[in-house]
Ligand code: PEP
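Numbering (our numbering), first residue to last: 19 to 273.
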């Protein structure tokens with residue numbers, strides 16, 4: 019089983035939630051609950067919470083990530099944050115291509131690719147999000163669409179650099195809706211993503227990549243989703259804001 023080759027990663031995506039003071043409280047609640055985790059644990063937090071999160075996670079097994087980064091290192095991009103800025107703070111991970119960025123902020127596969135380039139060039143680990151809208155699933159184009167998103171996002175990324183990429187399969191219809199893909203649906207698309215990686219790189223390269231599922235993952239459905247051969251972890255939105263729920267999902271990777 020190739021699943022054993024990969025480290026499971028459970029990452030919280032806090033989205034636009036928590037002030038720095040609230041972030042400190044939440045991390046202090048999470049830390050003791052996940053200290054014996056069998057997986058890598060990450061919290062991706064709003065930019066204004068990064069300093070606090072980095073301080074509060076010192077000496078713990080929790081990594082810290084941002085929720086996006088710009089492709090330029092600096093310049094006239096009001097409101098944006100660059101990869102070198104994140105790296106200089108000590109941030110380890112960055113989410114790129116989240117469907118909320120694509121839907122509400124006009125991000126495209128091409129800008130996702132540029133942001134990934136900047137993140138990798140600056141030594142950040144990337145959590146690349148891909149996934150289909152409900153209409154696209156109903157049209158039967160999920161596999162092609164997700165493969166295309168992966169191919170464009172990873173254009174110019176070498177096999178060596180692939181080691182710093184995690185891919186999160188996040189069906190858009192399941193994000194924040196309480197609707198979850200069935201474990202079989204998640205497995206089917208995660209397996210397609212791995213096959214796409216094998217076609218772009220090599221089978222061993224593909225087998226080493228952590229592929230997460232994201233979309234209303236919670237303590238009740240986590241174990242079944244995570245039991246699937248190609249589901250190596252989760253990107254968790256709503257449930258990552260409640261320490262016991264997030265910790266229960268982390269615990270579910272021990273099965
Ligand atoms: C997400 O924001 O990446 C996500 C999966 O959200 P939720 O768990 O709330 O569906």
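We put the CB at the ideal spot given by N, CA and C, even for glycine. The model shown is predicted, which means the values in this text are computed figures rather than measured ones.
Check your understanding: By Cβ distance below 8 Å, which residues in the same chain neighbour residue 148 in space, the five residues on each side in sequence not counted?
Key -> Within the chain shown, the letter at position 130 stands for residue 148. For residue 148, the CB contacts under 8 Å within the same chain, skipping 5 residues up- and downstream, are 115, 164, 167, 168, 171, 185, 186, 187, 188, 211 in chain order.
Exercise for review: List the endpoints of the continuous beta strand (DSSP E) containing residue 84.
Suggested key: One-based indexing of the chain shown puts residue 84 at position 66. For residue 84, the enclosing beta strand (DSSP E) stretches over residues 80-84.
Check your understanding: Going by C-alpha distance, which of 56, 47, 42, 55 is nearest residue 63?
Key -> Residue 63 sits at position 45 when you count from the first residue of the chain shown. Ranked by Cα distance from residue 63, the first of 56, 47, 42, 55 is 42.
Exercise for review: Could you have a look at residue 218 and say whether DSSP puts it in helix, strand or coil?
Suggested key: To locate residue 218, count along the chain shown from 1; it is residue 200. Of the three classes helix, strand and coil, the one that applies to residue 218 here is helix, per DSSP.
**Study point:** Reference residue 161, options 202, 65, 209, 238, closest by Cα
**Key:** Indexing the chain shown from 1 puts residue 161 at position 143. It is 209 whose Cα lies nearest to the Cα of residue 161.
Practice item. With DSSP collapsed to three states, give me the class of residue 230. Key: To locate residue 230, count along the chain shown from 1; it is residue 212. Note: residue 230 maps to strand in three-state DSSP.
**Study point:** Distance cut-off 8 Å: residue 152 Cβ against heavy atoms of ligand 1
**Key:** The residue you call residue 152 lines up with position 134 of the chain shown. No; taking the cut-off as 8 Å, the Cβ of residue 152 has no heavy atom of ligand 1 nearer than that.
**Study point:** Whole-number beta carbon distance between residue 244 and residue 270, since they are thought to touch under 8 Å
**Key:** Position 252 of the chain shown holds residue 270. Position 226 of the chain shown holds residue 244. Contact holds; Cβ gap of about 5 Å.
**Study point:** Cutoff 8 Å; reference residue 38; Cβ partners in own chain excluding five residues on either side
**Key:** For this step, residue 38 is matched to residue 20 along the chain shown. If we look at residue 38 and ignore the five residues flanking it on each side, its Cβ neighbours are 66, 67, 69, 70.
Exercise for review: Leaving aside the five residues before and after residue 110 along the sequence, list all residues of the same chain whose C-beta is less than 8 Å from its C-beta, in chain order.
Suggested key: Taking the chain shown and counting its residues from 1, the one referred to as residue 110 is at position 92. In the same chain as residue 110, and ignoring 5 residues on each side of it, the C-beta atoms closer than 8 Å to its own belong to 60, 81, 82, 83, 142, 143, in chain order.
Check your understanding: Could you give the C-beta distance for residue 229 and residue 249, rounded to a whole number, given that I count them as a contact under 8 Å?
Key -> Counting from 1 along the chain shown, the entry for residue 229 is found at position 211. Counting from 1 along the chain shown, the entry for residue 249 is found at position 231. Contact flag correct, Cβ pair sits at about 7 Å.
Review point. Whole-angstrom Cβ separation of residue 79 and residue 259, contact assumed at under 8 Å?
Key: Position 61 of the chain shown, counted from the start, is the residue given in the question as residue 79. Position 241 of the chain shown, counted from the start, is the residue given in the question as residue 259. Residue 79 to residue 259, Cβ: 20 Å. No contact.
**Study point:** residue 239, DSSP secondary structure in three states
**Key:** For this step, residue 239 is matched to residue 221 along the chain shown. Residue 239 falls in the coil class under three-state DSSP.
Practice item. Look up residue 172 in the DSSP assignment and say whether it is helix, strand or coil. Key: For the purposes of this step, residue 172 is identified with residue 154 of the chain shown, where counting begins at 1. Here residue 172 sits in coil by DSSP.
Exercise for review: State whether the segment 213-224 contacts the segment 192-202, with contact taken as three or more CB pairs (one from each stretch) at a distance under 8 Å.
Suggested key: Segments in contact, no.
Point to revise | Contacting residues, own chain, Cβ-Cβ under 8 Å from residue 108 (five flanking each side not counted) | key: The sequence position of residue 108 within the chain shown is 90, counting from 1. If we look at residue 108 and ignore the five residues flanking it on each side, its Cβ neighbours are 72, 82.
Check your understanding: So is residue 23 buried or exposed if we call it buried at 16+ other beta carbons inside 10 Å?
Key -> Along the chain shown, read from residue 1 onward, the residue named residue 23 stands at position 5. With fewer than 16 Cβ atoms within 10 Å of its Cβ, residue 23 is classed as exposed.
Point to revise | Sequence-distant residues of its chain with Cβ nearer than 7 Å to residue 272 (five each side left out) | key: For the purposes of this step, residue 272 is taken as the residue at position 254 of the chain shown. Here the set comprises 56.
Review point. Where does residue 251 sit, in a helix, a strand or coil, going by DSSP?
Key: The sequence position of residue 251 within the chain shown is 233, counting from 1. Residue state, collapsed to three classes: strand.
Practice item. Give the DSSP bridge partners of residue 31, in chain order. Key: By 1-based counting over the chain shown, the position of residue 31 is 13. Its beta-bridge partners are 62.
Practice item. Within the same chain, show all residues whose beta-carbon is closer than 8 Å to that of residue 88, passing over the 5 residues directly before and after it, in chain order. Key: The sequence position of residue 88 within the chain shown is 70, counting from 1. Closer than 8 Å at Cβ, skipping near neighbours: 95, 98, 99, 100, 101, 133, 136.
Point to revise | C-alpha gap between residue 20 and residue 93, whole angstroms | key: In the chain shown, residue 20 corresponds to position 2, counting from 1. In the chain shown, residue 93 corresponds to position 75, counting from 1. Separation of residue 20 and residue 93 (C-alpha to C-alpha, rounded to the nearest whole angstrom) is 43 Å.
Point to revise | Residue from 158, 207, 138 with nearest C-alpha to residue 183 | key: As a working note, residue 183 is residue 165 in the chain shown. Of the candidates 158, 207, 138, the one whose C-alpha sits nearest the C-alpha of residue 183 is 138.
Practice item. Label residue 122 either buried or exposed according to how many other C-beta atoms from any shown protein chain fall within 10 Å of its C-beta, with 16 as the threshold for buried. Key: As a working note, residue 122 is residue 104 in the chain shown. Around the C-beta of residue 122, fewer than 16 other C-beta atoms lie within 10 Å, and the residue is accordingly described as exposed.
Practice item. Please find out if some non-hydrogen atom of ligand 1 comes closer than 8 Å to the beta-carbon of residue 25. Key: As a first step, residue 25 must be located in the chain shown, where it is residue number 7. Result no, Cβ not under 8 Å from ligand 1.
Point to revise | Residue(s) in a DSSP beta bridge with residue 145 | key: For the purposes of this step, residue 145 is taken as residue 127 along the chain shown, with counting starting at 1. Looking at the DSSP output, residue 145 shares a beta bridge with 113, 184.
Exercise for review: Let me know if residue 254 comes out buried or exposed under the rule of 16 or more other beta-carbons within 10 Å of its beta-carbon.
Suggested key: Within the chain shown, numbered from 1, the residue matching residue 254 stands at position 236. Under this definition residue 254 is a buried residue.
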